Structure formats: structure tokens, C-alpha cells
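If you read the sequence shown in our numbering, its first letter stands for residue 2, the second for the next number, and so on.
One structure is given here, and the rest of the page talks about it.
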Amino acid sequence: MDEIEIGDVGVTRVEEMHGPVGMTPEQFFPGSPEEAWAEHRDMLVPDHFDPADGIVQVAMQTWLLRSEGRTILVDTGVGNDKTRPAVPGWDHLRTDYLGNLERSGVRPEDVDLVVNTHLHVDHVGWNTRLRDGVWEPTFPNATYLMPKADFEFWNPANNSAVAGGVNENVFEDSVAPVHANGQVRLWEDGHVIDANLRLEAAPGHTPGSSVLKLVSGTERALLAGDLVHSPLQVLEPGHNSCFCEDAEEARRTRGRLLGWAADQHALVLPAHFSGHSALHVERRGAAFAIAAWAPFTRY
């Protein structure tokens, strides 16, 4: 099963790909002790960590929402045909993402809204596609919601450190073309999408990182972007990924929002969890525990 209902909102998981990310736990989560991965082995193996080769497992996926008559995509993965010198596995990638989206009942022209929770390479890739040598918006009728802080931070005109990093070329091929086409709406602090959905700033991972809170009737969900990349960060929320720009703020934000999810009994839907992809959390002292996995079919 790849589709569930949360209140009045339909939530569908659309896969781009899943499997090994090519990084060890120490590389992906610097400072996370080997003992922690061993202690939580039952929660991590095999969907999130493969002890045979010592590599972290992740998924690239979009959360497709149907709310108040609109079709909404939350994060758009890595994308096809893009030059990604810092990540060889994503360089000129070819996946059937649009086929998976169509099998979920959605064509590119059907999409009303694209939410980029932040502007990292693996969250904006399908914003555009290559046609006749030109990057054009993949979703021609959509408004693209982007956090202003990330739009400014990842613009190489403002940040020379983009060159040579994982986000090299990303602004030029996946952000600027939709902005030039007049389809981007920048927001700050928070943004109400409809009666069920509200974007909230969640800085730390990047300056503009955000989450999407779903509140419909008595049901709640947190579309968490990169708040967490692995269940280890739920069980031991002090561990950041190597991609977090502000380590202390990332930790504070993670604790605050996982706390909200636990207190509200909200389903947490991260961008990169493999396996069952989403989970309910509960408080356990200063950390959290996994109360239950979502009913999505396991990758």
C-alpha cells in the first residue's frame, strides 16, 4: 500500500529510488558512535543500515497530497539528466519517477502546488526536466513554494561555497528556471496552504529548512523533510547529518518538532526513510522511541 488517508487529506508515497547511499554511519552522521548503531540494530537493519557493507540505506521519495481539491507534491527528489559532480551516483541519473507519479494518478500538468521543504539537491531535482537542451518546469501549471532563506543562501551569486559542494549547479538547473518562469512563491516564517496544511520554518539543516504540518479533524501529520534522515536520529536526536549547516539549531529544531509529533500523536513522514517510510514517535526521557510504523508497503 502506498496511499493512506489522514483526516480529509490523501497521502501517497511516490518513489524515485531507494537503497544504499554510499556513506557509512560515521560519514553520514559524524560523531555517532558505533555502539549506538549496534544498540539500535533491531530498528535499523536492514531497511536503514546494512551491516554487511556498513552503508546507510535511504529512499528518495515525494509525498503526494490531495487536499481541498488540489494536487500537491512535497519535495521532488534528485531528477534526471543533471550534472552532479559531487555525487557520482546522481550524476546524469535516469529513473522512472514521472512514470511512478503517473501510476499514482498524476500527470505533470495535474500538479497545482510543489513544496520544496528546502533547496538541497535531492529535494528540488524534478522541479525541472531537460527538453531540447533547456531546463523547463516539469509541472507547468504549479506554483512552487520555496523558503526565501534557502533561495538566497543557495544562490551561487550570494554564496561562493556552493561551487564544488553537493549543491553545485542545483540553483541554475532546478531553481532559477521555475523562478524565471514566474512560478515561484517565496515565503518566510510560515505559510498557510489551506485549512489542512501549514508550512513552518525549521532552520538548522539549512537556513530555510521547513516542515509541513497537516492538521485535519482529529488527525495530525508532520511532513518532516530532512529533520531526520535515519531512525537513529529519533532514538538519539542529538546526532546531525553531515549536511546540517547549523548543528546546534538543527538539534533544537529536531527536538522541538519531534516533541510536537509525539504530543499530537502525529504521523512523521521524513523525506528519506526507507522501509515503511513513516512512523509514529513517543517521548522517552530526553529522546524519543518509535511507537509504530506506517502501513505503507515496505520497500
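Beta carbons are placed, not taken as given, at the ideal position from N, Cα and C, and that holds for glycine.
All values reported here derive from a predicted model rather than from experimental measurement.
In angstroms, rounded to a whole number, what distance separates the CA positions of residue i and residue j?
{"i": "G20", "j": "V88", "result": "15 Å"}
{"i": "W188", "j": "K149", "result": "5 Å"}
{"i": "T144", "j": "G165", "result": "30 Å"}
{"i": "C245", "j": "A251", "result": "7 Å"}
{"i": "H206", "j": "A248", "result": "7 Å"}
{"i": "L224", "j": "D54", "result": "30 Å"}
{"i": "P34", "j": "E137", "result": "44 Å"}
{"i": "R299", "j": "M2", "result": "9 Å"}
{"i": "S275", "j": "D9", "result": "25 Å"}
{"i": "A196", "j": "P52", "result": "44 Å"}
{"i": "T63", "j": "H180", "result": "21 Å"}
{"i": "R71", "j": "V112", "result": "8 Å"}
{"i": "N142", "j": "N128", "result": "12 Å"}
{"i": "F218", "j": "N241", "result": "Correcting the residue type first, residue 218 is Gly in the shown sequence and not Phe. C-alpha separation (whole angstroms): 33 Å."}
{"i": "K83", "j": "G90", "result": "11 Å"}
{"i": "D227", "j": "Q184", "result": "24 Å"}
{"i": "A203", "j": "V135", "result": "33 Å"}
{"i": "D123", "j": "G286", "result": "33 Å"}
{"i": "W261", "j": "V107", "result": "32 Å"}
{"i": "P178", "j": "H281", "result": "37 Å"}
{"i": "R42", "j": "D133", "result": "48 Å"}
{"i": "D92", "j": "P86", "result": "6 Å"}
{"i": "I5", "j": "A293", "result": "15 Å"}
{"i": "H230", "j": "E110", "result": "30 Å"}
{"i": "E201", "j": "S210", "result": "9 Å"}
{"i": "Q58", "j": "E16", "result": "14 Å"}
{"i": "G312", "j": "L65", "result": "The requested residue 312 does not occur in the structure, where the chain is confined to residues 2 to 300."}
{"i": "R255", "j": "L131", "result": "36 Å"}
{"i": "W155", "j": "D174", "result": "12 Å"}
{"i": "K214", "j": "S278", "result": "17 Å"}
{"i": "R67", "j": "V171", "result": "28 Å"}
Please classify residue i as buried or exposed, where buried requires at least 16 other C-beta atoms within 10 Å of its C-beta.
{"i": "M44", "result": "buried"}
{"i": "T139", "result": "buried"}
{"i": "S161", "result": "exposed"}
{"i": "A39", "result": "exposed"}
{"i": "D151", "result": "buried"}
{"i": "G126", "result": "buried"}
{"i": "R104", "result": "exposed"}
{"i": "V193", "result": "exposed"}
{"i": "P31", "result": "exposed"}
{"i": "E182", "result": "Note that residue 182 is Asn in the sequence shown here, rather than Glu. With fewer than 16 other Cβ atoms within 10 Å, it is exposed."}
{"i": "A295", "result": "buried"}
{"i": "E36", "result": "exposed"}
{"i": "D48", "result": "buried"}
{"i": "A158", "result": "exposed"}
Per DSSP, residue i forms a beta bridge with which residues?
{"i": "H192", "result": "L200"}
{"i": "Q62", "result": "E16"}
{"i": "T72", "result": "R67"}
{"i": "E220", "result": "S217"}
{"i": "V318", "result": "Summary: the structure shown does not reach residue 318, with the chain confined to residues 2 through 300, and so no result is reported for it."}
{"i": "L99", "result": "Paired residue(s): none; L99 is not in a bridge."}
{"i": "L114", "result": "I73 and T144"}
{"i": "V211", "result": "At residue 211 the sequence reads Ser, which differs from the Val that was named. Bridge partners of S211: A202."}
{"i": "W294", "result": "L280"}
### Message
Whether or not the region 255-270 and the region 92-107 are in contact is what I'm after, with contact meaning three or more pairs of Cβ atoms, one per stretch, closer than 8 Å; do they touch?
### Response
No, they do not touch.
### Query
What beta strand (DSSP E) runs, 3 residues minimum, are completely inside the region 226-288?
Scanning the region 226-288 for uninterrupted beta strand (DSSP E) segments of 3 residues or longer gives 268-271 and 280-285, listed from N- to C-terminal end.
### Task
Spell out a yes or no on whether the region 58-76 and the region 102-118 are touching, meaning 3 or more CB-CB pairs, one atom from each, closer than 8 Å.
They touch, by the three-pair rule.
### Task
Enumerate, from N- to C-terminal direction, the unbroken beta strand (DSSP E) stretches of 3 or more residues contained entirely within the region 127-164.
DSSP runs (the beta strand (DSSP E)) wholly in the region 127-164: 129-132, 135-138 and 144-148.
### Query
Which runs of the beta strand (DSSP E), 3 residues or longer, sit entirely within the region 3-60?
If we require 3 residues or more, the beta strand (DSSP E) runs fully inside the region 3-60 come out as 4-7 and 10-21.
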